[in-house]
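In UniProt numbering, the protein residues as written are 1 to 163.
Glycine included, C-beta positions come from ideal geometry on N, C-alpha and C.
Keep in mind the model is a prediction, meaning the values are calculated, not measured.
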């Protein structure tokens, strides 16, 4: 089986993803969230937030997408056109900052981290994903909404007009 992939060419998509190294200023655990918008290039990252175990912000940046923004997805992101004026941080800047802070051993905690990591174009294997911890009753590909989990387990209302 190991040799079955020898003749398969790697795509540009695989080459453009980055992976954390085993060294770095590891702070143990990070809780990640990101916001995305719809652009002429597809769905792109517009904000990344990382907090530590103590829930204090470790890193937060607005991110200028490559494509022209068509829909700010304000209902979920809370972002507006005015928020993005003057934003010059790009995806590569964010990747460099995160990879300088994380190691392969940093535990990332979040909801639907597959989506977040894909938007960040990062590969990270040490994750706790609430979408997997609290699976949908119908199984994959269905996932329970974060707002539902927050309401049921923490009695918190989120994603209500951009919260």
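Q | Coil, strand or helix - residue 70 by DSSP | A | strand
Q. Who are residue 35's beta bridge partners in DSSP?
A. 47
**Q.** Coarse secondary structure for residue 121, derived from DSSP in three states
**A.** coil
Q) Within the chosen definition, does the stretch 33–51 reach the stretch 67–81 through at least 3 CB pairs nearer than 8 Å? A) yes
Q. Hey, how far is the Cα of residue 1 from the Cα of residue 140?
A. A caution first: residue 1 carries a pLDDT of 42, below 50, which makes its placement in the model too unreliable to give a value.
Q: Could you tell me if residue 34 is buried or exposed, where buried requires 16 or more neighbouring beta carbons within 10 angstroms of its beta carbon?
A: buried
(Q) Using a 10 Å radius around the Cβ and a threshold of 16 neighbouring Cβ atoms, would you call residue 63 buried or exposed? (A) buried
Q | Residue environment, residue 143, which counts as buried when at least 16 other CB atoms sit within 10 Å | A | buried
Q) Based on the DSSP secondary-structure assignment, which residues constitute the bridge partners of residue 60? A) 49
Q. Taking the Cβ atom as the reference point for each residue, do residue 111 and residue 126 lie within a distance shorter than 7 Å?
A. no
Q.
Strictly by DSSP, which residues pair up with residue 54?
A. Partner(s): none; residue 54 has no beta bridge.
Q.
With H, G and I counted as helix, E and B as strand and the rest as coil, what does DSSP make of residue 5?
A. Because the pLDDT at residue 5 is just 43, under 50, the model does not fix this residue reliably, and the point stays unresolved.
Q: Quick one: grab the DSSP three-state call for residue 113.
A: helix
(Q) Between the alpha carbons of residue 114 and residue 96, how many angstroms are there, rounded? (A) 19 Å
**Q.** Span of the beta strand (DSSP E), counted from its first residue to its last, around residue 128
**A.** 127–129
(Q) In whole angstroms, give me the CA-to-CA distance for residue 152 and residue 128. (A) 19 Å
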